[in-house]
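Accompanying notes for the structure given below.
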DNA sequence: TATGAATGAGACTTCATTCAT
DNA sequence: TATGAATGAAGTCTCATTCAT
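Protein chains in written order, with my numbering: chain A, 1 to 191; chain B, 1001 to 1191; chain C, 2001 to 2191; chain D, 3001 to 3191.
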């Protein structure tokens, strides 16, 4: 049976996500988590070896969910530019969510500790993005660079801008967003 | 008296930076910090209200230092492209430092908690970057967008790439770096 | 029905002995025990009121087994000295077993808590030893003292020596053993 | 400065001894210990790395105290037999104490874990007993056996008898004690 | 001003025991 | 009768903070 199917397990995982989103990773105590999940503290340890493993698995959950959000509706785009815009905006909207801020920490906090873990790699989770880059390159539209590089010079601008928006609190209107998308598109394509 | 002038104060701040860089924010205990700084635990509380304030101030310190590193040598560049490259590479090299990883957490961890704090804004600290963007715009070379947007679509690619490099561990050679700089430059300029 | 006749009961008792021998009394958790015995945790409580009672009964089990080991082959001895030597060596060999170390703790740990328990007395279990002492006294060879005293000044030396051997780790050869038996025999007999 | 001189340290050590004597090693919780010692729980950890180290050190303390009790007044004896009797009786009286029962556990529990620890060996602590055995051998009175063997066949009878007395609860009068001493003396001497 | 011993709340985790199935 | 998931009290230990010196 899958590792995902237990009721309590999901309850705990969801509660973890919620609390991490609210208080950050430091604020997460197993006691509070138990209360939030509506289970006894000891119950958590039936499903997760320890806090570290719980967090690792939660990170995977968040990864998955983030990937779904970010890649949503990509297939609706007909042109590459449209697909790119959809993804860029997905990231933008998600990154302006309160959850995103804290989820991000889950990533940062955990990603460096256990590299060779038993969860799918980012490439697999974000395969639609990979596909888009591959397509663009094979069509001769995108620069012939590693997908990691392409992503860094283009899509990453979305999250970066959202970060600045959040932290510095400067206002952004729809026009600015369109311009940002266009500008980052310029980094992607051959001129 | 200025907040900066005491000896002990600097001792503590430096020790904080060092320990955070080494063990991350979690590993920082006031006891260890006291030992590293060569002062008594109680002494820390004569200079900082509590741990949170100490960290906030350290973050400012790190900001300042980071700004210096990132903006180093910009004036040596004659053309805008040269200046841009210098900054991009500064970020790249710094972000690949071990210290950067941890310092970065200091930022992330603290930036969301106390928004309207009493420290200089990023704009002031990174004024050379602002100047470069302003110059580019007034020369008609750069797109006429808010500096935050320009930064997001161009320079941020450097840190983003470094992040991927670190976490995913994929190899990057000098040519790829040059290409990344050129690609992100494309996002910046008018075509 | 007798307290001994159930299958599961024996399974549990044996598992308890094994685990106590391996990990000591501290290491024994009801969960591990259930696993080792091949029953559910709850099942244990159908046969034993609680952990304390389980341990008490296990102690009796161990007693019985120990008595068998210690009194093995006594009847083969023709003279009293031979019988004495057999028992002394039985104790010696058993007490140098790893199991003995841990079993011993079972004794020590539990013997003081519930004095007037409902199990056979030592006298009954170690009746062959009692017989030997009685025989020696009636033949005028042994000192006319209470069997408890006789045992203390003679046979107990075996376990004592084994204890020292174990803890201090000093070497003992066969000759030393023979001498120890002879010396303790001197405490037993009239001169 | 000696590891023994702190006030709080002694307080904690004494409280440990007391609680172990009362409830055994299992009953000892750091919380209860703190209360008994009149310090905060955290304070214990200023003086001892962890529970294990605390127990190890307590064991040494008990060793020392036991040695003092057991070897008390030995020098008052003029003949070897007198010295032997004094020690035997010291053990007897001590072993009938309630403290002794539990202290004994401290020994058993801890002695096997860390052999090569940084505390004096038994030989050094019980040097008066060693001296007595050496003296007896050099005078040609005692059997020429290793002191460990001599001790096992003679003095150990005292503790063994006390154990039986305690556990089985059989009565012992002064005459029986004298006889036990004499009998065990027989194991010691040449005939 | 500086010290650092002391505090005690709270962190993570274990485990004897119960109870709905 | 048997199960084993669930419980939650209690365990060890850490650490931000205080305060008498």
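Each residue gets a CB set at the ideal place from its N, CA and C atoms; glycine is no exception.
Can residue 3076/D and residue 3086/D be called in contact, C-beta distance under 9 Å?
Taking the first residue of the fourth chain as position 1, residue 3076/D is located at position 76. Taking the first residue of the fourth chain as position 1, residue 3086/D is located at position 86. A contact, by the Cβ cut-off of 9 Å.
Quick check: residue 50/A and residue 1170/B, are their CB atoms within less than 9 Å of each other?
Taking the first chain and counting its residues from 1, one reaches residue 50/A at position 50. Taking the second chain and counting its residues from 1, one reaches residue 1170/B at position 170. It is not a contact, given that the beta carbons lie outside the stated cut-off.
Boundaries (first-last residue) of the alpha helix (DSSP H) holding residue 3184/D:
Against the fourth chain, residue 3184/D aligns to sequence position 184. Run containing residue 3184/D: 3174 to 3188, per the alpha helix (DSSP H) assignment.
Between the alpha carbons of residue 1057/B and residue 1126/B, how many angstroms are there, rounded?
As a first step, residue 1057/B must be located in the second chain, where it is residue number 57. As a first step, residue 1126/B must be located in the second chain, where it is residue number 126. Each residue's alpha carbon lies about 18 Å from the other.
Give the residues from the stretch 139 to 156 of chain A that approach chain B closer than 8 Å (Cβ to any Cβ), ordered along the chain.
143, 145, 146, 148, 149, 150, 151, 152, 153, 154 and 156
What is the residue span of the alpha helix (DSSP H) that residue 3007/D lies within?
One-based indexing of the fourth chain puts residue 3007/D at position 7. Start and end: 3007 to 3023.
With a 10 Å radius around its C-beta and 16 neighbouring C-beta atoms as the bar for buried, classify residue 3061/D as buried or exposed.
Against the fourth chain, residue 3061/D aligns to sequence position 61. When all chains shown are included, residue 3061/D counts as buried.
Over what stretch of residues does the alpha helix (DSSP H) that includes residue 2040/C continue unbroken?
As a first step, residue 2040/C must be located in the third chain, where it is residue number 40. Unbroken run through residue 2040/C: none, as it is neither H nor E.
Do residue 3028/D and residue 3044/D have their C-beta atoms closer together than 9 Å?
Within the fourth chain, residue 3028/D is the residue found at index 28, counting from 1. Within the fourth chain, residue 3044/D is the residue found at index 44, counting from 1. No; because the gap between Cβ atoms is not below 9 Å, this pair is not in contact.
Confirm, please, whether the CB-CB distance from residue 3008/D to residue 3047/D is below 9 Å.
Locating residue 3047/D in the fourth chain gives position 47, counting from the first residue. Locating residue 3008/D in the fourth chain gives position 8, counting from the first residue. Yes, Cβ-Cβ distance for residue 3047/D and residue 3008/D is below 9 Å.
Coarse secondary structure for residue 2142/C, derived from DSSP in three states
On the third chain, residue 2142/C is found 142 positions in, with the first residue counted as 1. Here residue 2142/C sits in strand by DSSP.
When the Cα of residue 1140/B is compared with those of 1064/B, 1159/B and 1188/B, which residue comes out closest?
Reading the second chain from its first residue, position 140 is the one you call residue 1140/B. That would be 1188/B, whose Cα lies nearest to the Cα of residue 1140/B.
Tell me the rounded alpha-carbon separation between residue 3092/D and residue 2022/C.
Walking along the fourth chain from the start, residue 3092/D turns up at place 92. Walking along the third chain from the start, residue 2022/C turns up at place 22. About 33 Å.
Please confirm whether residue 14/A has its beta-carbon closer than 9 Å to some beta-carbon of chain B.
In the first chain, the residue the question calls residue 14/A occupies position 14. Output row for residue 14/A: interface = no.
Using three-state DSSP, classify residue 2171/C as helix, strand or coil.
Along the third chain, one-based indexing puts residue 2171/C at 171. Three-state result, residue 2171/C: coil.
I'd like the list of long-range same chain contacts for residue 190/A, defined as Cβ closer than 8 Å, with 5 residues on each side in sequence excluded.
As a position in the first chain, residue 190/A is number 190, starting the count at 1. Excluding positions up to five away in sequence, the list reads 140, 141, 142 and 143.
Name the chain D residues that come within less than 7 Å of residue 2186/C, Cβ to Cβ?
Your numbering for residue 2186/C matches position 186 in the third chain. Those within 7 Å of residue 2186/C in chain D are 3186, 3187 and 3191.
If we cut at 9 Å on Cβ distances, does residue 172/A have a partner in chain B?
On the first chain, position 172 is the one that residue 172/A refers to. Using beta-carbon distances, residue 172/A counts as an interface residue toward chain B, with a partner under 9 Å.
Quick check on residue 3122/D - is its C-beta less than 9 Å from some C-beta in chain C?
As a first step, residue 3122/D must be located in the fourth chain, where it is residue number 122. It does; some Cβ of chain C falls within 9 Å.
Nearest-angstrom beta carbon gap, residue 2158/C and residue 2072/C [assumed within contact, 8 Å]:
Your numbering for residue 2072/C matches position 72 in the third chain. Your numbering for residue 2158/C matches position 158 in the third chain. Between residue 2072/C and residue 2158/C a beta carbon distance of about 14 Å is seen, past the 8 Å cut, so the two are scored as non-contacting.
Rounded to whole angstroms, what's the CA-CA distance from residue 3185/D to residue 3154/D? Just pull it up for me.
Here residue 3185/D refers to the residue found at position 185 of the fourth chain. Here residue 3154/D refers to the residue found at position 154 of the fourth chain. Straight-line Cα distance between these residues: approximately 6 Å.
Within its chain, find whatever has a CB closer than 7 Å to the CB of residue 2113/C; leave out the 5 residues flanking it on each side and keep chain order.
Position 113 of the third chain, counting from 1, holds the residue named residue 2113/C. Below a pLDDT of 50, predicted positions are generally treated as unreliable, and residue 2113/C, at 49, falls in that range; no measurement from the model is reported.
Below-9 Å beta-carbon distance, residue 2085/C vs any chain D residue
As a working note, residue 2085/C is residue 85 in the third chain. No, its Cβ sits nowhere closer than 9 Å to a Cβ of chain D.
Using the Cα positions of residue 3088/D and residue 3124/D, report the straight-line distance between them to the nearest angstrom.
Looking up residue 3088/D in the fourth chain gives position 88. Looking up residue 3124/D in the fourth chain gives position 124. Rounded to whole angstroms, residue 3088/D to residue 3124/D spans 19 Å at the Cα level.
Please list the partners that residue 1096/B has in chain A, where partner means a Cβ-to-Cβ separation under 7 Å.
For the purposes of this step, residue 1096/B is taken as residue 96 along the second chain, with counting starting at 1. Neighbours of residue 1096/B on chain A: none; closest Cβ ~13 Å, over 7 Å.
Would you check whether the ligand HEM has a heavy atom nearer than 8 Å to the C-beta of residue 3173/D?
In terms of ligand content, the structure shown is empty, and the ligand HEM therefore cannot be addressed.
Starting from residue 3028/D, find everything on chain C with Cβ-Cβ shorter than 7 Å and list it in chain order.
Looking up residue 3028/D in the fourth chain gives position 28. Under the 7 Å cutoff, chain C gives no residues; its nearest Cβ is about 12 Å from residue 3028/D.
Local conformation of residue 3126/D per DSSP, three classes
Taking the fourth chain and counting its residues from 1, one reaches residue 3126/D at position 126. Correct three-state label for residue 3126/D: coil.
Alpha helix (DSSP H) segment containing residue 1152/B, residue limits
Residue mapping note: residue 1152/B aligns to position 152 of the second chain, counting from 1. Looking at the DSSP string, the run of the alpha helix (DSSP H) that includes residue 1152/B is 1147 to 1153.
Could you say which of 3133/D, 3097/D, 3036/D and 3064/D lies nearest to residue 3083/D if we only look at CA atoms?
Along the fourth chain, read from residue 1 onward, the residue named residue 3083/D stands at position 83. Among 3133/D, 3097/D, 3036/D and 3064/D, the Cα nearest to that of residue 3083/D is on 3133/D.
In or out: residue 2038/C buried (at least 16 other Cβ within 10 Å) or exposed?
Taking the first residue of the third chain as 1, we reach residue 2038/C at position 38. Exposed is the call here.
Would you kindly check if the distance between the Cβ of residue 151/A and the Cβ of residue 1164/B is under 9 Å?
Indexing the second chain from 1 puts residue 1164/B at position 164. Indexing the first chain from 1 puts residue 151/A at position 151. Contact: yes.
Neighbour flag for residue 2131/C against chain D, beta carbons, 9 Å
As a first step, residue 2131/C is located in the third chain; it is residue number 131 there, counting from the start. False, the Cβ-Cβ gap to chain D never drops below 9 Å.
Between which two residues does the alpha helix (DSSP H) holding residue 2090/C run?
As a position in the third chain, residue 2090/C is number 90, starting the count at 1. Residues 2080 to 2095.
Report back the beta-carbon spacing between residue 1225/B and residue 130/A to the nearest angstrom; my notes put them in contact at under 8 Å.
Because chain B spans 1001 through 1191 in this model, residue 1225/B falls outside it and cannot be assessed.
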